[in-house]
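Read in order, the letters of the sequence shown correspond to residues 110 to 170 in my numbering.
Structure record follows, encoded as structure tokens.
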Amino acid sequence: MNLVLKVTDQAVKEHQIVVKVLGSGVSEASAGRVCPTCGLPATYINSLNKFYCFNCKKYVE
């Protein structure tokens with residue numbers, strides 16, 4: 110099953126978009142880690158054991 114979402118810059122800036130995908134190896138950051146660049150919540154990628162910012166398109170240390 111493919112899921113396609115269109116997210117506008119305005120919606121991201123206003124923090125109105127929250128997507129939670131279960132069972133796909135991607136989960137919401139439970140530790141509350143945020144991207145130091147944009148301040149949005151980072152997403153934990155289970156398979157890589159890393160946090161990622163989809164807004165900035167980079168890994169969060």
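All residues carry an ideal CB built from backbone N, CA and C; glycine is no exception.
When the five nearest sequence neighbours on each side are left out, the beta carbons in the same chain lying within less than 8 angstroms of the beta carbon of C162 are those of C144, T146, C147, L149, A151, T152, Y168, V169, in order along the chain. Collapsing the DSSP output to three states places K166 in coil.
With fewer than 16 neighbouring CB atoms inside 10 Å of its own CB, N155 falls in the exposed class. Distance from the CA atom of N158 to the CA atom of K166, rounded to whole angstroms, is 16 angstroms.
For N164, the CB contacts under 8 angstroms within the same chain, skipping 5 residues up- and downstream, are V121, C144, C147, L149 in chain order.
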